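Student: Each residue of the sequence shown is one higher than the one before, starting from 316 at the first, in this note's numbering. Don't be surprised by glycine CBs; every beta carbon is placed ideally from N, CA and C. Just so you know, these numbers come straight off a predicted model, no measurement behind them.
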Amino acid sequence: MESKREVIIQVLNHQQPPYVPWSIGFTMEASEKLKNHLQSDDLDTAINNHIVYLSNAWNYYIDVGDGLVQDHFGVVWDRSVDKDIGIIHGIILSSPTLKGYSFPDPCDPYIFSTIEQKIKLYSDCFRIFDISFSLFERAWTLRGMENLFMDMMDNPDFVNDLFNTIVDYNIAQIQEALKYDIDAVYFGDDWGQQHGLQMGPKLWKKFIYPAIKRLYKTVKDAGKFVFIHSCGDVDELFPDLVEIGVDCFNPFQPEVMDVHSLIQQYRGKLTFHGGLSTQKTLPYGIVEDVHKETLKLLESGEKGNYIFSPAHAVEGDVSLENMVAFIEIMNNQLL
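(1) Hey, is the segment 635 to 643 in contact with the segment 568 to 582, meaning 3+ C-beta pairs nearer than 8 Å?
(2) With H, G and I counted as helix, E and B as strand and the rest as coil, what does DSSP make of Ala487?
(3) On the three-state DSSP scale, how would you describe Asn475?
(4) Check whether the segment 319 to 327 and the segment 601 to 609 touch, using three or more Cβ-Cβ pairs below 8 Å as the test.
(5) So, helix, strand or coil for Ile430, using DSSP?
(6) Should Ile497 be labelled buried (16 or more other beta-carbon atoms within 10 Å of its own) or exposed?
(7) Does the Cβ of Lys539 have 16 or more other Cβ atoms within 10 Å, making it buried, or fewer, making it exposed?
(8) So what's Pro336 in DSSP terms, helix, strand or just coil?
(9) What does the alpha-carbon distance come out to for the pair Glu431 and Val500?
(10) Identify which residue in Phe567, Thr596, Asp550 has its Cα closest to the Cα of Pro516.
(11) Determine whether the beta carbon atoms of Gln508 and Cys422 lie at a separation below 8 Å.
(12) Just confirm the distance between the C-beta atoms of Ile407 and Val390, as a whole number of angstroms; I'd bet it's less than 8 Å.
(13) Give the C-beta separation of Ser370 and Phe444 to the nearest angstrom, bearing in mind that I take them to be a contact with Cβ-Cβ under 8 Å.
(14) Going along the chain, which residues of its own chain have a beta-carbon closer than 6 Å to the beta-carbon of Phe473, five neighbours each way excluded?
(15) In angstroms, rounded to a whole number, what distance separates the CA positions of Tyr621 and Asp381?
(16) Nearest to Glu603 by alpha carbon, out of Glu643, Gly511, Leu512?
(17) Ile614 to Ala626, Cα distance in whole Å?
(18) DSSP state of Glu586, grouped into three classes?
(19) DSSP state of His387, grouped into three classes?
(20) Would you mind working out which of Asp632, Val574, Leu612 sits nearest Ile601, comparing C-alpha positions?
(21) How should Ser318 be labelled, buried or exposed, when 16 other C-beta atoms within 10 angstroms of its C-beta is the threshold for buried?
(22) Spatial neighbours of Asn470 within its chain, please: CB distance less than 8 Å, with the 5 preceding and 5 following residues excluded, ordered by chain position.
(23) Give the DSSP-derived three-state secondary structure of Arg320 in the structure shown.
(24) Ignoring anything shorter than 3 residues, give me the beta strand (DSSP E) runs that lie fully in the segment 474 to 552, in order along the chain.
(25) Give the straight-line distance between the Cα atoms of Lys348 and Ser576, rounded to the nearest whole angstrom.
(26) Using beta-carbon positions only, say whether Thr596 and Asp562 come within less than 8 Å of one another.
(27) Mapping DSSP to helix, strand and coil, what is Ile644?
(28) Taking only the alpha-carbon atoms, compute the straight-line gap between Ser417 and Leu477 and give it to the nearest angstrom.
(29) For the putative contact between Trp373 and Met645, defined by C-beta atoms under 8 Å, what is the C-beta separation to the nearest angstrom?
(30) Applying the criterion that 16 or more other CB atoms from any shown protein chain within 10 Å of the CB defines a buried residue, is Met514 buried or exposed?
(31) Return the chain-ordered list of same chain residues with a C-beta closer than 7 Å to the C-beta of Asp505, the five sequence neighbours on each side being excluded.
(32) Would you decide whether Thr360 is buried or exposed? Buried here means 16 or more other CB atoms lie within 10 Å of its CB.
(33) Distance check for Tyr524 and Ser475, CA to CA, integer angstroms please.
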């Protein structure tokens with residue numbers, strides 16, 4: 316039988332896999348429920364996830380007290396309510412200039428310190444080096460979202476300078492990551508909302524498109540796959556994203572796009588990762604609803620171009636029964 320890594324590569328190369336592969340994430344609260352149920356601290360192994368994420372950057376936070384943590388860019392996050400990500404506390408770039416601010420070291424050894432260990436531990440999994448907050452999100456965490464939107468109209472040169480500096484930082488980090496035996500680079504960058512793009516298509520094409528085109532080219536030139544994440548209604552961007560080298564799109568939300576139609580429409584062009592409703596079915600449905608939606612996704616993805624997952628990390632409001640429901644269906648494919 317093919318390894319998990321080989322099955323993911325088949326899917327990305329638009330071939331029909333022996334089964335639909337999966338890679339599923341959980342928030343802290345949901346993760347604790349499942350760990351207790353499965354009696355395992357290693358959920359990736361316990362549920363047979365097919366992808367291993369390798370960067371340590373997501374763990375690069377310093378506790379500064381009162382429920383606040385600081386990331387390596389100097390941004391402070393309030394995690395008193397949201398324990399997984401948090402809410403921005405304050406603004407680093409109070410004016411539209413980078414003068415006086417220094418980016419952190421993109422090749423900080425800590426970011427790469429567990430890559431070899433994880434590759435050895437999950438040797439049969441597809442290997443992704445992940446860059447969260449990869450452009451627009453990194454920009455607004457530094458400048459503030461409202462300020463950044465205003466800058467797109469009033470200070471376009473600053474926006475381009477900020478975006479290009481972020482791209483340079485990411486490219487330096489990618490070049491370091493390419494020294495390891497990775498398969499892909501994952502870029503996390505939310506552009507969408509429940510209906511349409513946050514910044515609209517014109518501003519996306521003006522500011523974000525040229526920046527990500529340069530980013531993705533770095534990965535493609537190295538012969539690796541490009542994975543991207545953007546929440547929201549962004550399917551209008553798929554033609555542009557395919558053109559500049561995106562291989563896999565996540566999280567593929569059924570509440571904002573017709574996931575089954577898109578799998579068929581982009582077969583042979585783009586792979587999708589996600590699709591199971593985290594806004595409706597998982598938190599509010601019953602086990603039979605989860606079974607039905609999961610099986611329909613497997614049917615749509617059986618010819619390839621699809622990696623199963625809920626549309627986002629499973630939240631704590633999802634019952635254990637509903638989590639077990641889709642996990643069992645996925646693993647039954649291997650029997």
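Tutor: If we stick to the structure as given:
(1) Not touching, per the Cβ criterion.
(2) If DSSP states are grouped into helix, strand and coil, Ala487 belongs with the helices.
(3) Note: Asn475 maps to helix in three-state DSSP.
(4) The segment 319 to 327 is not in contact with the segment 601 to 609.
(5) In this structure, Ile430 counts as helix in the three-state DSSP scheme.
(6) In the assembly as shown, Ile497 is a buried residue. Its beta-carbon has 16 or more other beta-carbons within 10 Å.
(7) Counting C-beta atoms within 10 angstroms of its own C-beta, Lys539 has 16 or more neighbours from the protein chains shown and is therefore classed as buried.
(8) Coil.
(9) Taking the straight line from one Cα to the other gives about 16 Å.
(10) Here the closest residue by C-alpha is Asp550.
(11) Between Gln508 and Cys422, the C-beta gap is not smaller than 8 Å, which leaves the two residues out of contact.
(12) Contact check for Ile407 and Val390: beta-carbon distance about 6 Å, within the 8 Å limit, so the pair qualifies.
(13) Rounded, the Cβ-Cβ distance is 6 Å, consistent with contact.
(14) Excluding the 5 residues flanking it on each side, Phe473 has same chain C-beta neighbours closer than 6 Å at Pro411, Asp466, in chain order.
(15) Rounded to whole angstroms, the separation of the alpha carbons of Asp381 and Tyr621 is 42 Å.
(16) Of the candidates Glu643, Gly511, Leu512, the one whose C-alpha sits nearest the C-alpha of Glu603 is Glu643.
(17) In the sequence as displayed, the identity of residue 614 is Glu instead of Ile. For Glu614 and Ala626, the distance between alpha carbons rounds to 17 Å.
(18) For the record, residue 586 in the displayed sequence is Thr; it is not Glu. The answer is strand: DSSP assigns Thr586 an E or B state.
(19) In the three-state DSSP reduction, His387 falls in the coil class, being neither helix nor strand.
(20) Out of Asp632, Val574, Leu612, Asp632 has the C-alpha closest to the C-alpha of Ile601.
(21) Exposed is the call here.
(22) If the five residues before and after Asn470 are omitted, its C-beta is found closer than 8 Å to the C-beta atoms of Pro411, all from its own chain and listed in chain order.
(23) When secondary structure is reduced to three states using DSSP, Arg320 falls in the helix class.
(24) Whole beta strand (DSSP E) segments, 3+ residues: 499 to 503, 540 to 544.
(25) Distance between the alpha carbons of Lys348 and Ser576: 34 Å.
(26) No, the Cβ-Cβ distance between Thr596 and Asp562 is not below 8 Å.
(27) Ile644: helix per DSSP, three-state reduction.
(28) So the two alpha carbons sit approximately 12 Å from each other.
(29) Incorrect: roughly 24 Å between the Cβ atoms, too far for contact.
(30) With 16 or more Cβ atoms within 10 Å of its Cβ, Met514 is classed as buried.
(31) Cβ neighbours of Asp505 beyond the five flanking positions: Glu452, Ser545, Cys546, Gly547.
(32) It counts as exposed.
(33) Correcting the residue identity first, residue 475 is Asn in this sequence and not Ser. So the alpha carbons of these two residues sit roughly 11 Å apart.
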